[in-house]
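Participant: Residues 349 to 726, numbered by the numbering used here, are exactly what the sequence shown covers, in order. Cβ coordinates follow ideal geometry from the N, Cα and C atoms, glycine included. Quick caveat, the model's predicted, so the values are computed rather than measured.
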Amino acid sequence: MKFDTYASTHSNESDGNPTAYLSLTSEHSEGREISPFLDPIIDAADNMNVKNPSPIYRRVTDFKTGFDNFISFSEKRGTLYFCIFLFTIYFAVGAAVYSLLFEKWTIIDSLYFTVVTFTTCGFGDLVPETENEMIFTGIFVLFGVLVFATVAFGIVFERVFEKYENAIRQAQNKTSRHFLRRFHSSSGESLEEERLTSKLCSTFCEVLPLIVMVIGGAMGIGYIEDWEIVRSIYFAIVVGSSVGYGDVFPNKESTRLACVFYVPFAVGVTAEIFGKITSCYLSHKREQNEKDFLDRRLTMADIERMDRDKNGEVSKEEFLRFFLVTMGKCTHEDLDKLEDLFQKLDSCRDGKLSCNDLVEMTSDGDEELRASLLQGLQ
Numbered sequence: 349m350k351f352d353t354y355a356s357t358h359s360n361e362s363d364g365n366p367t368a369y370l371s372l373t374s375e376h377s378e379g380r381e382i383s384p385f386l387d388p389i390i391d392a393a394d395n396m397n398v399k400n401p402s403p404i405y406r407r408v409t410d411f412k413t414g415f416d417n418f419i420s421f422s423e424k425r426g427t428l429y430f431c432i433f434l435f436t437i438y439f440a441v442g443a444a445v446y447s448l449l450f451e452k453w454t455i456i457d458s459l460y461f462t463v464v465t466f467t468t469c470g471f472g473d474l475v476p477e478t479e480n481e482m483i484f485t486g487i488f489v490l491f492g493v494l495v496f497a498t499v500a501f502g503i504v505f506e507r508v509f510e511k512y513e514n515a516i517r518q519a520q521n522k523t524s525r526h527f528l529r530r531f532h533s534s535s536g537e538s539l540e541e542e543r544l545t546s547k548l549c550s551t552f553c554e555v556l557p558l559i560v561m562v563i564g565g566a567m568g569i570g571y572i573e574d575w576e577i578v579r580s581i582y583f584a585i586v587v588g589s590s591v592g593y594g595d596v597f598p599n600k601e602s603t604r605l606a607c608v609f610y611v612p613f614a615v616g617v618t619a620e621i622f623g624k625i626t627s628c629y630l631s632h633k634r635e636q637n638e639k640d641f642l643d644r645r646l647t648m649a650d651i652e653r654m655d656r657d658k659n660g661e662v663s664k665e666e667f668l669r670f671f672l673v674t675m676g677k678c679t680h681e682d683l684d685k686l687e688d689l690f691q692k693l694d695s696c697r698d699g700k701l702s703c704n705d706l707v708e709m710t711s712d713g714d715e716e717l718r719a720s721l722l723q724g725l726q
């Protein structure tokens, strides 16, 4: 059985049935598996005839979705829309101020200047001249770099590249297996070497299309500007790395319009390329260090460090905590927070989470709901 939840903002639409807030389906493509022990609770709540579900009912049903559906801030749809809204405002301000108030540039030139500003390319072909323009541009630069280059720009491209990685994952895995079969049959590498080769193949499959797109865009701009191939590739590297020496920049209005889209794309893609290459190397080194750490002999000093309660013995919990923290997977503070959360959820104080804990949560609330939950558990 799977489930899908949705909230109704009109009480008359629910028709007095809590199932308007919890829809059980068996074929919903986005549903998640329901824990079997929760079914009696939901069935009991569904049989209740309440006009408006109480906060406790929502608290109980939240247990079915709360942890499975955890979404980070950058992954929330509202965050993406807010970033797009900020970009729209930033571009509108840049176009209006530099086209109408200060420099009297064309709209395209103003948009082009806005792009090379928040991407920190700064070719130097368009610059403010008066003191008032410099004051505004200084604020414009700080706001653009702080809000867009470090936050909004990163969030938007994170979502874009997430879609990209999902799209090429199957082809990437197929290519990696092909290379692994060839290398394995010819050299008989060890398992560790195969894993490294797999990572390199995976990184190569992800990075190559991105490099082609960045260079291809620069080649198109260079074709319109009558640049040589070397100059076009040089332009792609300078733009993508956001160096922006100012020795090569677009002069035509059409290519500046193209750069309004190409420059942020190239900067974001190049950052992703650098990140993937760096991540591949650091991941390999981290795994090597972890392997060396786990393969070494256990000492009395290690046992003393693991023994947090100083009772002369190391429990499984202490063992796991020690290695997770030592290997950098988490911190003691992270584990302490999880322990506190468990204690809060364990209403029965029996060291386990079960249906009884959900029933116990209603002990100081809706007695009708509590009775229905108990009936559903029988």
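Is it right to say Pro598 is buried, meaning 16 or more other beta carbons lie within 10 angstroms of its own, or is it exposed?
Facilitator: Taking the sequence shown and counting its residues from 1, one reaches residue 598 at position 250. Around the beta carbon of Pro598, a 10 Å sphere encloses 16 or more other beta carbons of the protein chains shown; the residue is thus reported as buried.
Participant: Beta carbon of Glu554, beta carbon of Lys633: below 9 Å?
Facilitator: Numbered from its first residue, the sequence shown carries residue 554 at position 206. Numbered from its first residue, the sequence shown carries residue 633 at position 285. In this structure, Lys633 does not lie closer than 9 Å to Glu554 by Cβ.
Participant: State buried or exposed for Ala614, treating a residue as buried only when at least 16 other CB atoms are found within 10 Å of its CB.
Facilitator: Within the sequence shown, numbered from 1, the residue matching residue 614 stands at position 266. Per the 10 Å Cβ criterion, buried.
Participant: Quick check on Asp657: does DSSP put it in helix, strand or coil?
Facilitator: The residue given as residue 657 occupies position 309 in the sequence shown. Three-state result, Asp657: coil.
Participant: For the segment 439–451 against the segment 469–488, do three or more pairs of beta-carbon atoms, one drawn from each stretch, fall closer than 8 Å, so that the two count as touching?
Facilitator: yes
Participant: Using 10 angstroms around the beta-carbon of Phe466, count the other beta-carbons present and answer buried if the total reaches 16, otherwise exposed.
Facilitator: Residue numbering aside, residue 466 sits at position 118 when the sequence shown is read from its first letter. So Phe466 counts as buried.
Participant: For a test of the three-state rule: what should DSSP assign to Leu548, helix, strand or coil?
Facilitator: For the purposes of this step, residue 548 is identified with residue 200 of the sequence shown, where counting begins at 1. Note: Leu548 maps to helix in three-state DSSP.
Participant: Assuming Val611 contacts Val587 (C-beta within less than 8 Å), just tell me the rounded distance between them.
Facilitator: For the purposes of this step, residue 611 is taken as residue 263 along the sequence shown, with counting starting at 1. For the purposes of this step, residue 587 is taken as residue 239 along the sequence shown, with counting starting at 1. At roughly 6 Å, the Cβ-Cβ gap stays under 8 Å, so Val611 and Val587 are in contact.
Participant: Taking the straight line between their C-alpha atoms, what separation do you get for Ser458 and Leu701?
Facilitator: Against the sequence shown, residue 458 aligns to sequence position 110. Against the sequence shown, residue 701 aligns to sequence position 353. Taking the straight line joining both Cα atoms gives about 60 Å.
Participant: With a 10 Å radius around its C-beta and 16 neighbouring C-beta atoms as the bar for buried, classify Ile483 as buried or exposed.
Facilitator: Taking the first residue of the sequence shown as position 1, residue 483 is located at position 135. Exposed, since its Cβ has fewer than 16 Cβ neighbours within 10 Å.
Participant: Expressed to the nearest angstrom, what Euclidean distance is found between the alpha-carbon atoms of Cys607 and Tyr629?
Facilitator: Here the question's residue 607 lines up with position 259 in the sequence shown. Here the question's residue 629 lines up with position 281 in the sequence shown. So the two alpha carbons sit approximately 32 Å from each other.
Participant: Is Val495 near Tyr438, with beta carbons less than 9 Å apart?
Facilitator: Within the sequence shown, residue 495 is the residue found at index 147, counting from 1. Within the sequence shown, residue 438 is the residue found at index 90, counting from 1. A contact, by the Cβ cut-off of 9 Å.
Participant: Since Lys633 is in the alpha helix (DSSP H), which residue starts that stretch and which ends it?
Facilitator: On the sequence shown, position 285 is the one that residue 633 refers to. Start and end: Glu601 to Asp643.
Participant: Identify the continuous alpha helix (DSSP H) that holds Glu681 and give its terminal residues.
Facilitator: Residue numbering aside, residue 681 sits at position 333 when the sequence shown is read from its first letter. Note, Glu681: alpha helix (DSSP H), His680 to Leu693.
Participant: Would DSSP call Met648 helix, strand or coil?
Facilitator: As a working note, residue 648 is residue 300 in the sequence shown. It is helical.
Participant: Does DSSP put Gly565 in a helix, a strand or coil?
Facilitator: Your numbering for residue 565 matches position 217 in the sequence shown. Gly565 falls in the helix class under three-state DSSP.
Participant: Mark Pro401 as exposed unless 16 or more other C-beta atoms lie within 10 angstroms of its C-beta, in which case mark it buried.
Facilitator: If you number the sequence shown from 1, residue 401 lands on position 53. Any reading at Pro401 is ruled out, since the residue's pLDDT is 45, under 50, leaving its predicted position unreliable.
Participant: Please report how far the alpha carbon of Ile487 lies from the alpha carbon of Lys664, in whole angstroms.
Facilitator: Counting from one through the sequence shown, the residue named residue 487 turns up at place 139. Counting from one through the sequence shown, the residue named residue 664 turns up at place 316. One C-alpha to the other measures close to 56 Å.
Participant: Between the C-alpha atoms of Val441 and Asp694, what's the straight-line distance to the nearest angstrom?
Facilitator: Along the sequence shown, one-based indexing puts residue 441 at 93. Along the sequence shown, one-based indexing puts residue 694 at 346. One Cα belongs to Val441, the other to Asp694, and the distance between them is close to 53 Å.
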